[in-house]
Amino acid sequence: MAPPRKLHIKSYGCQMNVYDAQRMVDVLTPEGFVETANVDDADLVILNTCHIREKASEKVYSELGRLRLARDEAAQSGRRMQIAVAGCVAQAEGEEIVRRAPVVDVVVGPQSYHHLPQLLARADAQGRALETEFPVEDKFGFLPQPAPATIRARGISAFVTVQEGCDKFCTFCVVPYTRGAEVSRPVAAILADVERLADNGVREITLIGQNVNAYHGDGPDGRAWTLGRLLQRLAAVPGIVRLRYSTSHPNDVDDDLIAAHRDLPALMPFVHLPVQSGSDRILAAMNRKHSAADYRRVIDRFRAVQPQIAFSSDFIVGFPGETELDFAATLALVTQIGYAGAYSFKYSPRPGTPAAEMPEMVPAAVMDERLERLQQLIDAQQSAFNKAAIGQTVDVLFERAGRKPGQIVGRTAYLQPAHVFPGDFLGPGMSPDALVGQVLPVRIDSLERYSLLGELAATPPQHARPLAATGA
Ligand code: 5AD
Ligand code: SF4
145 MAPPRKLHIK
155 SYGCQMNVYD
165 AQRMVDVLTP
175 EGFVETANVD
185 DADLVILNTC
195 HIREKASEKV
205 YSELGRLRLA
215 RDEAAQSGRR
225 MQIAVAGCVA
235 QAEGEEIVRR
245 APVVDVVVGP
255 QSYHHLPQLL
265 ARADAQGRAL
275 ETEFPVEDKF
285 GFLPQPAPAT
295 IRARGISAFV
305 TVQEGCDKFC
315 TFCVVPYTRG
325 AEVSRPVAAI
335 LADVERLADN
345 GVREITLIGQ
355 NVNAYHGDGP
365 DGRAWTLGRL
375 LQRLAAVPGI
385 VRLRYSTSHP
395 NDVDDDLIAA
405 HRDLPALMPF
415 VHLPVQSGSD
425 RILAAMNRKH
435 SAADYRRVID
445 RFRAVQPQIA
455 FSSDFIVGFP
465 GETELDFAAT
475 LALVTQIGYA
485 GAYSFKYSPR
495 PGTPAAEMPE
505 MVPAAVMDER
515 LERLQQLIDA
525 QQSAFNKAAI
535 GQTVDVLFER
545 AGRKPGQIVG
555 RTAYLQPAHV
565 FPGDFLGPGM
575 SPDALVGQVL
585 PVRIDSLERY
595 SLLGELAATP
605 PQHARPLAAT
615 GA
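Converting from the sequence shown to the numbering used here requires adding 144 to each position, the first position being numbered 1.
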């Protein structure tokens, strides 16, 4: 039998890329590849790229420069290293990569990962291979399932893609071009994935998609199901104790989703709902198709049914034409909503998007200064949100052993890391690992940077077993 070939994937960008990296591993495992953390050891290196902001493609070319050296060194010891570029830069600039970087063997867009083995074979035969089409067949149907041992090794929290692509065409964004039109997976396929994950010890599922709450997959009743309905069905899967979804658009928040937050204890009260700006003028120029007041109304609908709910968001500062007054409206919106956290970015023109053609670029120094002010406000809100947990007893889903002996780490409903020494609470012979996969109440005593430190507030059930022993 041939020795396994070693695979190293370096992922940039969003959760979808993290998930896609796992899917690429699942495609390549049956081909005899095993993962390695060491790029120099790898027989195949995949750069899973992101195109959303800044000089993403320049980063790819400089990484390729480094890889060329690693590849030359491998060649000197008689070993062949193949190099592939995947992800959104591959999709957007495939031909350019082939032209500029002779070191690259394979360029593969996000819709074509299931063809990776054929592309590698084609590169072997012909020197290079490029595939950035949007194939007509459904990529999802062709991706192999991970083995039970792989699911367990990935831990108790898993991502499941439910939709891909976006039809919104915000004027700053490349996603509609790199990920294509919006497509939803059928309910039955998602349910099968979630059941399989749950059978193998997964307890938390995050449904992902570029515009996840536009989900409208075919249901078993022959009708299109909303995300809310899908969540309701998944909440009934035995073993699934937490559900999340990301990323949403305010205009696609419908009554079913609100009802899901009202009715499903498993649906975590933490929603990532990007608004981008608080200025109606800028929102219009961004083609967001909602005003700041519309966004506030959406937030109020969530809050009316679920008082525990907290929000995070994305913001862009320095969109073309943004004045000090526009920016003040963003700060005002942040102050009014009160976030548990948020990401903020300087606007970066993306080639091919309408905003890239807009005049009135905001000077870099002004962008820097606005970003700084916005981040200070968001940091203050995040710290206040985290501090508010001190003295409270909160549910923590335990994920893994901590770095310190005897310690165990999990997350709260709001994704705050929580560190606990369960010590006395464990029965005789029980290791802290036995708590992995369980949700237990923790009394929070203190805060260390972004992590909560606390103590178990209840004795774990005696049937607690290590994760490795659960499932099929
Ligand atoms: N410039 C800056 N930020 C951007 N984002 C998307 N496109 C751009 C861009 N051209 C941000 C948005 C989005 C997040 C994923 O990235 O805030 O919600
Ligand atoms: Fe991009 Fe999100 Fe707008 Fe779609 S909704 S175009 S993914 S920012």
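For glycine and all other residues, C-beta sits at the position ideal for the given N, C-alpha and C.
| task | Pick out whichever of 419, 404, 480 has its Cα sitting closest to the Cα of residue 392. | result | 419
| request: From the DSSP output, in three-state form, read off residue 613 for me. | output: Per-residue confidence for residue 613 stands at a pLDDT of 38, beneath the threshold of 50, marking its modelled position as unreliable; the derived number appears in the next sentence. Residue 613 falls in the helix class under three-state DSSP.
| field | Closer than 8 Å: residue 196 CB and nearest the ligand 5AD heavy atom | value | yes
| task | State yes or no: is the beta carbon of residue 267 nearer than 9 Å to at least one beta carbon in chain C? | result | Of the protein chains in the structure, only one exists, and it is not chain C.
| query | Which value, in whole angstroms, describes the spacing of the CA atoms of residue 614 and residue 244? | reply | Legend: pLDDT at residue 614 = 38, less than 50; position of this residue unreliable, value from coordinates given subsequently. The straight-line gap from Cα to Cα measures roughly 49 Å.
| field | Per-residue burial, residue 469 [other beta carbons within 10 Å of its own, 16 or more giving buried] | value | exposed
| message | Closer than 6 Å between the C-beta and any heavy atom of the ligand SF4: which residues qualify, listed along the chain? | response | 310, 312, 313, 314, 317, 319, 320, 354, 355, 393
| field | Coil, strand or helix - residue 307 by DSSP | value | strand
| said: Nearer than 8 Å: is that true of the beta carbon of residue 257 relative to any heavy atom of the ligand 5AD? | reply: no
| task | Please determine, among 404, 473, 585, 445, the residue with the shortest C-alpha to C-alpha distance to residue 426. | result | 473
| request: Whole angstroms is fine: what's the gap from residue 310's alpha carbon to residue 399's? | output: 21 Å
| request: Would you mind giving the Cβ-Cβ distance between residue 601 and residue 585, rounded to the nearest angstrom? I have them listed as a contact below 8 Å. | output: 4 Å
| said: Tell me the residue span of the alpha helix (DSSP H) that contains residue 346. | reply: No alpha helix (DSSP H) holds residue 346; DSSP gives it neither H nor E.
| Buried or exposed: where does residue 358 fall if 16 or more other Cβ atoms within 10 Å of its Cβ makes it buried? | buried
| message | For a test of your reading of the model: does the CB of residue 499 fall under 8 Å from any non-hydrogen atom of the ligand 5AD? Yes or no. | response | yes
| query | Quick one: Cα of residue 96 to Cα of residue 403, how far? | reply | Summary: the structure shown does not reach residue 96, with the chain confined to residues 145 through 616, and so no result is reported for it.
| Do you know whose CA, among 187, 196, 236, 232, lies nearest residue 212's CA? | 187
| request: Consider the C-beta atom of residue 163 and the heavy atoms of the ligand 5AD; say whether any pair is separated by less than 8 Å. | output: no
| query | What does a CB cutoff of less than 7 Å around residue 543 pick up in its chain, not counting 5 residues either side in sequence? | reply | 299, 300, 301, 553, 554, 555, 580
| said: Does the beta-carbon of residue 458, which I'm using as the reference point, lie nearer than 8 Å to any heavy atom of the ligand 5AD? | reply: yes
| request: State whether the region 245 to 259 contacts the region 161 to 168, with contact taken as three or more CB pairs (one from each stretch) at a distance under 8 Å. | output: yes
| said: Let me check understanding here. Comparing Cα to Cα, which of 430, 447, 452 lies closest to residue 461? | reply: 430
| Which two residues bound the contiguous alpha helix (DSSP H) that contains residue 510? | 508 to 531
| query | Cβ of residue 474 within 8 Å of any heavy atom in the ligand 5AD? | reply | no
| said: Does residue 231 come out as helix, strand or coil in the three-state DSSP assignment? | reply: helix
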